[in-house]
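Order-wise, the sequence lines are chains A and B.
Residue numbers for the first sequence follow my numbering, beginning at 139 and rising by one.
Residue numbers for the second sequence follow my numbering, beginning at 20 and rising by one.
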Amino acid sequence: MIAYLGRRLIQSLLILLGVSLITFALLYLLPADPVRQIAGRSATPQTVENIRQQLGLDQPFIVQYWRYLTKLISGDLGRSYIQRSEVTELIVSRLPASLLLMVGAILCELLLGLSMGLIAAVKRGTATDQTLMVASFVGVSAPQFVVGLLLLYVFAVRLSWFPIGGYGTWRHLVLPSLTMGILGAGWYARMMRSSMIDVLRQDYVRTARAKGLARRAILFRHALPNAILPVIAMIGIDIGIFMGGIVVVESVFGWPGIGQLAWQAIQRVDIPIIMGVTLISAFAIVLGNLLADVIAPFIDPRIKLR
Amino acid sequence: MKKFLASTVAVSALALMLGMTSVRAEDAVDPNAKQGGAITITYKDDVATLDPAIGYDWQNWSMIKSLFDGLMDYEPGTTNLKPDLAESYEIAPDGKTFTFKLRHGVKFHNGREMTADDVKYSLDRVTNPKTQSPGAGFFGSIKGYDDVAAGKAESLSGVTVVDPYTVKFELTRPDATFLHVMAINFAHVVPKEEVEKYGADFGKHPVGTGAFKLAEWTLGQRIVFERNADYWHKGLPHLDKITFEIGQEPIVALLRLQKGEIDVPGDGIPPAKFQEVMADPEQKARVVEGGQLHTGYVTMNTTMAPFDNVKVRQAVNMAINKARVIQIINGRAVPANQPLPPSMPGYDKEYKGYPYDVAKAKALLAEAGHPDGFETQLFAMNTDPNPRIAQAIQQDLAAIGIKASIQSLAQANVIAAGGDKAGAPMIWSGGMAWIADFPDPSNFYGPILGCAGAVPGGWNWSWYCNKDLDAKAAEADSVVDPAKAGERDKMWSAIYDKVMEDAPWAPVFNEQRFTMKSARMGGADNLYVDPVHIPINYDNVYVKDVQ
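Spelled out as structure tokens, the structure:
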């Protein structure tokens, strides 16, 4: 177990290093000049050159990357080109909002997805099953931007159940979580359905049925715990999908998380922020995957770590 | 030595020459204004900084103007210059020495009195390369600028503190735009002790002399301004508090406005909702329209064949159906026939421009040796409505035989292509177009049409460089005497007429600004589309439902 963990940690570090190198290289190759973005349109060529020198952007790639890396090791993500603040401070101030949204989204997708999948599996082949599966298909394929605006319009503008965007109370959290959760819920519903159908075909379920156990007991005590295993293992991987989704959802709802920060930084070629958010996201994904793998044997003893 | 003008007389003279009336700053307070109340304003993009030496964005421009002051400012809602922190000023007859007398008793938000030393410090700071100010170049005419910009000196030799309330500027050349330069944000006065205390984070802890002071800043969420009770301009500001909510999509902001949750959507009316809003009389009544110092244009790279032929460029000018392009943006613009927008001094009302004439355009192309047209590329920014406008222009060009493929790219990439001599044959400027930094005709020339801008990484995307016109521009800017402002404007009109003869651009339209306000907001409409305090003049607006 310890050896496995050690090996995985080293792998994770290498992945992060790779991500940092690739992102840094891509941003370096980008045919847009960050200095022009900082200098604005009225800057003289001399001002532009001065800024370039101040930021060390006149140095060769390898020098720039090495400087970034050595600072990174000491925990310094640098200063934003546009905002001039510490990137760490900017990310730390926005991370809680994104994590909260992520928790909300996971709750929504599990609640929605698992119950939809369960019902569909039990009612397999009926109209209910078909309706739920069509709904899950729509959930998976609808663009989050549209879903978000639709939810906003119906539940916030028309019905006034929730505030129109913003951040602060649990009521602010509902619609963005739902928007993010609907996508995952679609996946979970489909996975849960097939996993449940699989389990319901197993011998032990047949045995339980044969000895006259109540339908409810079979479903919730015997089938569900087994059917849910492969689904739970997905949550770790979900984090990657969320990282993509928060950029859109945070924009629509004015949710002050790192997705919004990343989106604005990309538009302004604010390299230190883009690097910082990318690394944090990569870290979250690597960590999520690692956790999913480490937790798996505890949930399902059939899995062994090697 | 005969010195002309002093203080308000000077401004009045200048203003009269510009065809505008002048009011002394103290008189400018709206008598109907009510004191007190709080409003909420939204913006989509984060506020990067509130440091006047650095901030250069839509959302922070007028916020900075409310936290800080400069020696000069403009009458609210207009482009008329007036002294601000300066009480009066004198210009030497050679136009190279400006002496400002400062107001007494103006205090920074930290309680210390502002003096001439602060003015000098602020200018030394903004021009110092370490500050990385995007506006450093505006101060290029001050003596000693080159040494400071090159890192050879820490202080501008041309700025002298005569006494605590007098500061003298010596310039290397007569500069008619200098009073405007003293009004832009980059020249706003900052207290040295606070800048040194916060270092690079001063932009998050701004301390100025302005009408409001920063009360709260929750990164990425909210900025709160509260009234500066010690503000030197008695009677201002009217509001007690302004809350800026950040990160709100314009479309969401509009929904919130309709529900009465906010007072002004800072980013204006989203284009997708424009017709819906205008069709509803109740909403339309709260729409505010204003001109802005903006021109949307197509640049043609004059160093690239076939655009190196003036006839081809003139043909393009005649081929574009401007009325149809304006329809695409729901009529939110007026057609343009010259680089300057109509509200800019120096705009030539007599000039008729190139007519929309397909037959003549074809004939010109044939004369240029392209009877069957040619293939080229049209670059445009990839956010709506720019790709649609580019398509309309593409169709217009196709009608005279020019087959332009559209390169729809992110803003930074288009800017990079334009700044590369072999980068882009044609660029539609939408989304990146020139909005004047200050209301003076020279501001539309140097960086975007002059030789100085036709350098790698520059903004002169047509790479048009006419040395003769550059000399004329320098000559016009040396006419510093406000009594000759009309003459100077005429000189500028002639320069732009000549530019249009050479046709490096096809001017397409001048965008109008449309914004909305809640029913409780008071104050003249032009405060909500202020041409200088962009987008809103926070110091002068008020709410009607207090007391």
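Glycine included, every Cβ here is placed at the ideal spot set by N, Cα and C.
Where residue i sits in the DSSP three-state scheme
i: Pro153 (chain B); result: coil
i: Ala34 (chain B); result: Confidence in Ala34 (chain B) is poor, its pLDDT being 38 and thus under 50, which makes the residue's placement too unreliable to answer from.
i: Leu428 (chain B); result: strand
i: Asn529 (chain B); result: strand
i: His313 (chain B); result: strand
i: Ser362 (chain B); result: coil
i: Val214 (chain B); result: helix
i: Gly306 (chain A); result: coil
i: Met540 (chain B); result: strand
i: Phe87 (chain B); result: coil
i: Ala443 (chain B); result: coil
i: Ala323 (chain A); result: helix
i: Ile419 (chain B); result: coil
i: Lys509 (chain B); result: helix
i: Ala133 (chain B); result: Per the sequence shown, residue 133 (chain B) should be read as Met rather than Ala. If DSSP states are grouped into helix, strand and coil, Met133 (chain B) belongs with coil.
i: Met451 (chain B); result: coil
i: Met323 (chain B); result: coil
i: Leu287 (chain A); result: helix
i: Asp182 (chain B); result: strand
Beta-carbon proximity of residue i to residue j, cut-off 7 angstroms
i: Pro102 (chain B); j: Phe87 (chain B); result: no
i: Asn479 (chain B); j: Gly449 (chain B); result: no
i: Gln402 (chain A); j: Ser389 (chain A); result: no
i: Ala119 (chain B); j: Val186 (chain B); result: Note that residue 119 (chain B) is Phe in the sequence shown here, rather than Ala. Cβ distance < 7 angstroms, so Phe119 (chain B) and Val186 (chain B) count as in contact.
i: Gly324 (chain A); j: Ser253 (chain A); result: no
i: Ala334 (chain B); j: Leu416 (chain B); result: no
i: Thr146 (chain B); j: Phe158 (chain B); result: yes
i: Ser419 (chain A); j: Met381 (chain A); result: yes
i: Ile446 (chain B); j: Val283 (chain B); result: no
i: His128 (chain B); j: Val226 (chain B); result: yes
i: Arg296 (chain A); j: Ala219 (chain B); result: no
i: Met413 (chain A); j: Thr208 (chain A); result: no
Heavy atom of the ligand MN within 6 angstroms of residue i beta-carbon
i: Val385 (chain A); result: Because no ligand of any kind appears in the structure shown, any question about the ligand MN cannot be addressed here.
Proximal residues of chain B, C-beta to C-beta of residue i below 7 angstroms
i: Arg205 (chain A); result: Per Cβ cutoff of 7 angstroms: no residues; Arg205 (chain A) is ~18 angstroms from chain B at best.
i: Gln192 (chain A); result: Pro148, Lys149, Gln151
Chain A contact for residue i (CB, 7 angstroms cutoff)
i: Gln240 (chain B); result: yes
i: Gly156 (chain B); result: yes
i: Ala135 (chain B); result: no
i: Ala543 (chain B); result: no
i: Gly222 (chain B); result: yes
i: Ala378 (chain B); result: no
i: Asp282 (chain B); result: no
i: Tyr75 (chain B); result: yes
i: Ala435 (chain B); result: yes
i: Arg305 (chain B); result: no
i: Ser41 (chain B); result: Low local confidence applies: a pLDDT of 33 at Ser41 (chain B) is under 50, so the model's placement there is unreliable, with the coordinate-based value given in what follows. Not an interface residue.
i: Asp286 (chain B); result: no
i: Ala455 (chain B); result: no
i: Val474 (chain B); result: yes
Neighbouring residues, chain A, relative to residue i (Cβ below 7 angstroms)
i: Gln267 (chain B); result: Gly303, Gly392
i: Ile58 (chain B); result: Within 7 angstroms Cβ-Cβ: nothing; Ile58 (chain B) doesn't reach chain A, min ~16 angstroms.
i: Asn432 (chain B); result: Pro169, Ala170
i: Thr68 (chain B); result: Gln221, Arg222
Short CB-CB distance (under 7 angstroms) between residue i and chain B
i: Arg296 (chain A); result: no
i: Leu233 (chain A); result: no
i: Asn188 (chain A); result: yes
i: Pro410 (chain A); result: no
i: Arg174 (chain A); result: yes
i: Gln398 (chain A); result: yes
i: Gln402 (chain A); result: yes
i: Val407 (chain A); result: yes
Residues that residue i contacts on chain A, provided the C-beta gap is smaller than 8 angstroms
i: Trp478 (chain B); result: Arg179
i: Ala234 (chain B); result: Near Ala234 (chain B) there are no residues of chain A at all, since even the closest Cβ is about 18 angstroms away, more than 8 angstroms.
i: Arg275 (chain B); result: Ile302, Gly303
Within chain A, the residues that residue i reaches when beta carbons sit closer than 9 angstroms
i: Ala168 (chain B); result: Thr182, Gln184, Thr185, Asn188
Exercise. Check whether the region 357 to 368 of chain B touches the region 509 to 516 of chain B, counting contact only when three or more Cβ pairs, one atom from each stretch, lie closer than 8 angstroms.
Key: yes
Quiz item: Is the number of C-beta pairs between the region 375 to 395 of chain B and the region 519 to 537 of chain B that are closer than 8 angstroms three or more?
Solution: no
Quiz item: Contact between the region 541 to 553 of chain B and the region 322 to 336 of chain B: three or more CB pairs below 8 angstroms?
Solution: no
Practice problem: Determine, using beta-carbon pairs with one atom in the region 433 to 442 of chain B and one in the region 169 to 184 of chain A, whether at least three such pairs fall under 8 angstroms. | Solution: yes
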